[in-house]
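Heads up, the sequence shown is in numbering that gives the first Met the number 0, so the first residue is 0 and it goes up one at a time.
For every residue, glycine included, the Cβ atom is placed at its ideal position computed from N, Cα and C.
The structure presented is a predicted model; accordingly, all values stated were derived computationally and were not measured.
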Amino acid sequence: MDGKTSRHFAEIIELAKSVFKNVVYEIDATPDRSILRIKADYGKYEILVTELINDGKRKYRYYVMREDWVEAGFDNAPDPRAIKLKYGKIGKEHTGENIPHLHTVNKTKLQITEEMIFTDFVEW
């Protein structure tokens, strides 16, 4: 894991510890990719965070859970529903494209969002 990624993860962990309770984190790093996973509590909610850095690209998942229910889930995965919502169809030209979006109502509703960073999520 390079120094830039180490600092990025350290900043996320520090912010998480200042805002949430019972913060537990794990870093899994190989020469090809680095993953930060965080579990924390925020009142009656569980916070689940994943940041993946791979080839200089960042993927994220910021989820607010109430037991097994997804209250809100921000991510930038190549979700087929998000691709269809953004482009009106699912086609080869968008296969694997990361689309920032928000899941709500236990992942039954979806809306397109702007790219997020962890501080945006905490402010939300």
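Please state whether DSSP places Asp119 in a helix, a strand or coil.
helix
Quick one, which of Lys43, Thr107, Ala15 and Gly55 has its alpha-carbon nearest Lys3's?
Gly55
Just to confirm the assignment, what range does the alpha helix (DSSP H) spanning Ile12 have?
First-last of the alpha helix (DSSP H) with Ile12: Gly2 to Val18.
Would you mind giving the Cβ-Cβ distance between Phe8 and Leu35, rounded to the nearest angstrom? I have them listed as a contact below 8 Å.
5 Å
Tell me whether Lys85 sits in a helix, a strand or coil according to DSSP, three-state version.
helix
For Arg80, tell me which candidate among His93, Ile12 and Ile26 has the shortest Cα-Cα distance.
His93
Determine the closest residue to Glu66 out of Thr49, Glu45, Asn53 and Arg60, with distance taken between C-alpha atoms.
Taking only the C-alpha atoms, the option nearest Glu66 is Glu45.
Between the alpha carbons of Glu96 and Tyr86, how many angstroms are there, rounded?
11 Å
Under a Cβ-count criterion, where at least 16 other Cβ atoms within 10 Å of its own Cβ denotes burial, should Val48 be classed as buried or exposed?
buried
I need the straight-line Cα distance from Gly42 to Ile82, nearest angstrom please.
33 Å
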